[in-house]
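Let me begin by presenting the structure, written as structure tokens, before commenting on it.
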Amino acid sequence: ASGNWDKATTNWVVNGLPTIFQDDASVWFDDTALSNVAINVTATMSPAIMVVSNSSKSYSFSGNDISGTGGLLKLGNGTATFNVANTYSGGTILSNGMIVVGNGDALGTGTITANGGTLKWNYISGNGAMANDIVVNGSVTFDTSSGNWTINGPITGSGTITRGNSGVLSLYLAGDNSG
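Just so we're aligned, residue 19 is where the sequence shown starts under this note's numbering, counting upward by one.
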């Protein structure tokens, strides 16, 4: 199977049978991939939910927008990287592992709920900003490769945030951070 996420190639399996992706279907990326996978989103895709459950494989998503009312659930100790602006509105749940963002809108427009793991800023050049609300419910690490990372939405929750130790992290909290 190719690394293209499109609506024409039988890259998906439903009930053991190869099929093409259709909007509003649930998608699952896991360690059954043959190698670390670079996913090229060839057109706007609108999954009902997108689950990345990886421990030994790394996934990187680039190309076009992931949109719709669905959300993203990140499970497993592996890394998932999102390099383009996405408009999905169902929120992002980081349970463990690492989500790397290369664009301030990479995690859509919904709330980011961090129950564990690492949220890492990897903006290509210069400084960047995110506007998402963030709820921290567990022990979470905020890290960056370089530049300044501004979070304009509120950060709430009863968890803890630890500063990562790679790159230079300048975290500017611009929202209501009383949680």
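All residues carry an ideal CB built from backbone N, CA and C; glycine is no exception.
Remark: C-beta atoms of asparagine 104 and serine 76 do not approach each other more closely than 8 Å. Rounded to the nearest whole angstrom, the C-alpha separation of serine 74 and glycine 165 is 28 Å.
Between isoleucine 67 and glycine 88, the C-beta gap is smaller than 8 Å, which places the two residues in contact. Taking glycine 21 as the centre and dropping the five residues before and after it, the same chain places the C-beta of Val55, Ala56, Ile57, Asn58 closer than 7 Å to its C-beta, in chain order. Membership of alanine 98 in the beta strand (DSSP E) is indicated by the continuous run 97 to 100. For alanine 124, the three-state secondary structure derived from DSSP is coil. Straight-line measurement puts the Cα of asparagine 114 at about 21 Å from the Cα of asparagine 121. Burial check for valine 32: the Cβ neighbour count within 10 Å stays below 16, so the residue is exposed. Annotated three-state conformation of phenylalanine 39 is coil, per DSSP.
Comparing C-alpha distances from methionine 116 to each of Val158, Gly86, Asn150, Met63 shows the shortest one belongs to Val158.
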